[in-house]
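Numbering (the numbering used here), first residue to last: 21 to 100. Input: a single structure, listed below in structure tokens.
And the structure:
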């Protein structure tokens with residue numbers, strides 16, 4: 021994700037939930053996610069995609085492009 025941040029930072033707001041903190045654990049419980057999970061929201065705050073596990077840069081770029089274009093579908097599949 022670090023490699024893609026500069027490319028998308030002007031179009032997507034990024035937030036990191038540290039699961040070692042109370043707030044991070046509350047976020048994980050709310051969205052039923054664990055470590056190495058990306059949760060995508062649209063501009064209204066609606067959850068639109070979930071990616072589990074480590075994915076390739078190309079897979080992440082595709083997921084981010086779909087969010088930017090406003091056409092993601094909720095995906096609860098596993099990454100690589």
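C-beta: ideal position from N, C-alpha, C; glycine also.
By DSSP, does residue i sit in helix, in strand, or in coil?
i          : result
residue 84 : helix
Quick check: the Cα distance between residue i and residue j, rounded to an integer number of angstroms?
i          : j          : result
residue 47 : residue 41 : 10 Å
residue 85 : residue 35 : 17 Å
Which residues does DSSP list as the beta-bridge partners of residue i?
i          : result
residue 67 : 61
Identify, in the order they occur along the chain, each residue of the same chain with its Cβ nearer than 8 Å to the Cβ of residue i, setting aside the five sequence neighbours on each side.
i          : result
residue 24 : 77, 80, 81, 84
residue 31 : 88
Got a sec? Which residues, its chain only, sit under 6 Å from residue i by beta carbon, not counting five neighbours each side?
i          : result
residue 87 : 60
Report all residues from its chain with a CB closer than 7 Å to the CB of residue i; omit the five preceding and five following residues, and keep chain order.
i           : result
residue 101 : The shown model of the chain, from 21 to 100, leaves out residue 101, and the question about it has no answer.
Do three or more CB pairs link the stretch 70-85 to the stretch 51-59 at distances below 8 Å?
Yes, the stretch 70-85 is in contact with the stretch 51-59.
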